[in-house]
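Student:
There are 2 protein chains.
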Amino acid sequence: MKINSNFLNLKDSYLFATVGRKTTAYKTAHPEKKVIRLSIGDVTRPLAPVVIDAMHRAVDDMSRKETFKGYGPDQYCYGYNVLIDSIKDSYSRKGVSLDSAEVFISDGAKSDLGNILDLFAIDNTVLVPDPVYPVYVDTNVMAGRKILYADANLANGFLPMPDFSVDADIVYLCSPNNPTGAAYSKEQLKEWVRYACEKDAVLLYDAAYEYFITDPALARSVYQIEGAKECAIEFCSYSKTAGFTGVRCGYTIVPKELVREGTSLNTLWARRQSTKFNGVSYITQMGAAAVFTAEGEKQISENLGYYRENAKIIADCLDELGIFYTGGKNSPYIWMKCPNGMDSWEFFDYLLENANVVGTPGSGFGKNGEGFFRLTAFGTKEDTKEACSRIRALLQK
Amino acid sequence: MKINSNFLNLKDSYLFATVGRKTTAYKTAHPEKKVIRLSIGDVTRPLAPVVIDAMHRAVDDMSRKETFKGYGPDQYCYGYNVLIDSIKDSYSRKGVSLDSAEVFISDGAKSDLGNILDLFAIDNTVLVPDPVYPVYVDTNVMAGRKILYADANLANGFLPMPDFSVDADIVYLCSPNNPTGAAYSKEQLKEWVRYACEKDAVLLYDAAYEYFITDPALARSVYQIEGAKECAIEFCSYSKTAGFTGVRCGYTIVPKELVREGTSLNTLWARRQSTKFNGVSYITQMGAAAVFTAEGEKQISENLGYYRENAKIIADCLDELGIFYTGGKNSPYIWMKCPNGMDSWEFFDYLLENANVVGTPGSGFGKNGEGFFRLTAFGTKEDTKEACSRIRALLQK
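So the protein lines, in turn, are chains A and B. Residue numbering for the first sequence follows our numbering, starting at 51 and increasing by one per position. Residue numbering for the second sequence follows our numbering, starting at 51 and increasing by one per position.
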């Protein structure tokens, strides 16, 4: 038996492990210090009451013969109509009309972002922004595809635009971005849609953070751009929208208009999912279906508002200090330039030792991340305020 | 962008769609008849009370800041210790000792059976029994691997044994089998382990139905066979064990001893899962952890006993009629020879029209299924009894 030798080309990521190790070492050496983590990439607020109620009811359904549910419905790859309809409603509020067969329920955007690659030939060329969420790169390394990078940097505000001299077949976009928090305007996305159409490429559009957008000039869905249904697959998640990181539910849109080499990608994905997947828990689906109800949207926006306020606290602090950053406004991430010419790990140590604040070194997300640093809005308000007053005190000197 | 053209080699399966269409047509034409479906592949009994209680508690945990859970633990690919420990306990009762890092929690055996193929080079040769659960074939067609078949037939009691003149790299075994219900003895499995070790092959052992086994001569886990840890991956599921088809939870064992080309498959799978998967719902995991407790095992065996009794009712009926079958004793499936030389679809029509009973034509599972027919034990006791008395009346003539 021969193993898939592409796995041997994967680079080990020591980023979060090293952050954890250094933090623990500091805390052990200085037990009297209160270390604050602005490095958290996970949500911390509990689920909304409507979601909790819906899940309790669904658990009760599973306890009675009359209401028990086995495998999910075949028709839409195991997605329940009530959930699919609520997602379609959420899209229609963004001005996007979808067919039920275009909405695929999944156990999260990460699974689908990896599994979608089953549909594409190995000899396609992939274009990935740098810095980037490491999963885009690793999943393609595993498959053995050629990877090109689009530089995201100070010059383009960490929002790279298409270079028509580069031929790519599969293009990843993440907006609002992880790790930079930068978000594309509708005008900018038009260019990417034009690129994809011209190159016969497919855009893999990661919209996991779209619910953090409040600025109407920014795109909440790639399908707000004309022509996107012919060239883009969109990946969405309840993880950050509704605090579902531990519940596991997402949805992926594969438009019927998306056809390559005469083959519908919608049909291919339905075949992939019905063969290698068996759907999402009924209980999870009923919880997710409550999210986009009127009451659900009201409740999740309280949590989103909490995180947004944290982001603003951090952004205001950096504004005061005159430090460049992206994100913070339509994103839970703040991507700051390290002060005084420090590199990412230098600043990590400096901040940990002098302000007892932990962030994530930008160099861990790609070469263009060097000299930058990621802070997140997922902590408590008290901790975020306290961390910012320490950062202010330290860097104002 | 080039699609993965292997998808174009997939055969459409019309088996269950045609069964459904014919059944509906008959019912429409004869609204006065009570049609009984012994074709159900899904469970119908509600979840055990201990599982329901654990899931309600877990939902409550998600409602409070203090007990809220985000992403699952990193250490074991997002699996909670309490669940992993309960699975290890269940294995130790079968005489198999496992390390926590060998137990991977998934959203079901179907997902893992498909996704595990990421670890293997495309130019491996696959050996699949015929007849077979279609997923083994389709997932390998999607990847473009060469597929060989091991004939399961009357001569070998639908339990093919290894042919050492055939060189295969990846071998699928499903025991108790879907669709035939036949289950390997420990003695027979020893031969397959010997084959895999000699050929440097990997056994993909689908144990989804192992909780139906009561005969101690039959293997409950491939790891009950010496040497299996060096050559086998085992796929398990709560779907049929505990009625989790709509809850989605399984577990896959990748032993640390399983090394090919100097590389640990355990390490490769951990890397695959941490890159393309984000774990199973906390609520689901807490429910699953209740299954293998003392009270849980007692409660699920009531449900398993119910299905086993249905299987016995069908088996007794076929015994009386002198019809050959496999399964029925350590399996929820009964695989019967069609009487009077009928082919699978002929018998389907004959049974539907004359006894108003629906089963599944064996030819839908592969060429060796022609002339055979699958009945399942997942209906109600009343329906199963009624169906059998009709079958008896029809075939005794």
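The beta carbon of each residue, even a glycine, is placed where N, CA and C say it ideally should be.
Indicate the three-state DSSP secondary structure (helix, strand or coil) for CYS438/B in the structure shown.
Tutor: In the three-state reduction of the DSSP assignment, CYS438/B falls in the helix class, which pools H, G and I.
Student: Report the rounded CA-to-CA distance for LEU444/B versus GLY391/B, giving the unit in angstroms.
Tutor: 15 Å
Student: Put LYS144/B into one of helix, strand or coil per three-state DSSP.
Tutor: DSSP places LYS144/B in coil when its eight states are reduced to three.
Student: Taking only runs of the alpha helix (DSSP H) that begin and end inside the region 59-133 of chain B, which ones reach a length of at least 4 residues, in chain order?
Tutor: Listed in chain order, the complete alpha helix (DSSP H) runs (minimum 4 residues) inside the region 59-133 of chain B are 65-79 and 99-111.
Student: Are the C-beta atoms of THR74/A and some chain B residue less than 8 Å apart?
Tutor: no
Student: Along chain B, which residues have their Cβ under 7 Å away from the Cβ of PRO96/A?
Tutor: MET112, SER113, ARG114, LYS115 and PHE118
Student: Please state whether the Cβ-Cβ distance between MET51/A and ASP250/B is less than 8 Å.
Tutor: Less than 8 Å separates the beta-carbon of MET51/A from that of ASP250/B.
Student: Counting Cβ pairs, one atom from each stretch, are 3 or more of them under 8 Å apart for the region 158-166 of chain B and the region 320-327 of chain A?
Tutor: yes
Student: Roughly how many angstroms separate the alpha carbons of GLU237/A and CYS247/A, rounded to a whole number?
Tutor: GLU237/A and CYS247/A: Cα-Cα distance of roughly 16 Å.
Student: Determine, for TYR222/B, whether the minimum Cβ-Cβ distance to residues of chain A falls below 8 Å.
Tutor: no
Student: Determine the DSSP secondary structure at PRO389/B, reduced to helix, strand or coil.
Tutor: helix
Student: How many angstroms separate the CA atom of ILE263/B from the CA atom of ARG270/B?
Tutor: 7 Å
Student: For the beta strand (DSSP E) that contains SER156/A, what are its first and last residues?
Tutor: 153-156
Student: Do ASN316/B and GLU432/B count as a contact pair if the criterion is CB distance below 8 Å?
Tutor: no
Student: Quick one: Cα of PRO210/B to Cα of ALA200/B, how far?
Tutor: 6 Å
Student: Less than 8 Å between the C-beta atoms of MET281/B and LEU253/B, yes or no?
Tutor: The question names Met, but residue 281/B in the sequence shown is Cys. LEU253/B sits close to CYS281/B, with the two beta carbons spaced by under 8 Å.
Student: Using CA atoms only, rank isn't needed, just tell me which of PRO411/A, SER439/A and PHE428/A is closest to ALA67/A.
Tutor: PRO411/A
Student: Please determine, among ARG440/B, ILE197/B, ILE384/B and VAL243/B, the residue with the shortest C-alpha to C-alpha distance to GLY277/B.
Tutor: VAL243/B
Student: Tell whether a beta-carbon distance below 8 Å holds between GLY158/B and GLY300/B.
Tutor: Result yes, Cβ atoms of GLY158/B and GLY300/B sit closer than 8 Å.
Student: Can you check whether the C-beta of MET211/B is within less than 8 Å of a C-beta belonging to chain A?
Tutor: no
Student: Whose Cβ in chain A lies nearer than 7 Å to the Cβ of ALA232/B?
Tutor: Within chain A, no residue has its CB atom less than 7 Å from the CB of ALA232/B, the nearest being about 24 Å off.
Student: Below 8 Å on the Cβ atoms is my guess for ALA339/A versus ALA104/A; work out the distance and round it to an integer in Å.
Tutor: 7 Å
Student: Provide the residue span of the alpha helix (DSSP H) that contains PRO382/B, from first to last.
Tutor: Here PRO382/B belongs to no alpha helix (DSSP H), and DSSP marks it neither H nor E.
Student: Thinking C-beta only, is LYS196/B closer than 8 Å to VAL176/B?
Tutor: yes
Student: Within a Cβ cutoff of 8 Å, which residues of the same chain sit near MET192/A, ignoring the five residues on either side of it in sequence?
Tutor: ASN54, ASN56, PHE57 and LEU60
Student: Beta-carbon of ASN165/A versus every beta-carbon of chain B: anything under 8 Å?
Tutor: yes
Student: Can you find a CB in chain B that lies within less than 8 Å of the CB of PHE262/A?
Tutor: no
Student: Using a C-beta to C-beta distance shorter than 7 Å, which residues of chain B count as neighbours of LEU318/A?
Tutor: What LEU318/A touches in chain B: ILE53 and PHE57.
Student: Please check if any C-beta of chain A sits within less than 8 Å of the C-beta of ASP157/B.
Tutor: Contact with chain A is found for ASP157/B, since one of that chain's Cβ atoms lies less than 8 Å from the residue's Cβ.
Student: Report the neighbours of GLY122/A on chain B: residues whose CB is nearer than 8 Å to its CB, in chain order.
Tutor: GLY296
Student: Can you tell me whether ILE275/A is helix, strand or coil according to DSSP?
Tutor: coil
Student: Among residues of its own chain, excluding the 5 on either side of ASN190/A, which ones have a beta-carbon nearer than 6 Å to its beta-carbon?
Tutor: VAL176 and ILE197
Student: I need the straight-line Cα distance from ILE321/A to GLU370/A, nearest angstrom please.
Tutor: Note on residue identity: the sequence assigns Arg, not Ile, to residue 321/A. Rounded to the nearest angstrom, the two C-alpha atoms are 53 Å apart.
Student: Let me make sure I understand the geometry here. Which of GLU241/B, ILE441/B, GLY337/B and ILE220/B has the alpha-carbon closest to that of VAL448/B?
Tutor: The requested residue 448/B does not occur in the structure, where chain B is confined to residues 51 to 447.
Student: Ordered along the chain, which non-local residues of its own chain (more than five positions away) have a Cβ less than 6 Å from that of THR291/B?
Tutor: TYR261
Student: Identify the continuous beta strand (DSSP E) that holds PRO179/B and give its terminal residues.
Tutor: 175-180
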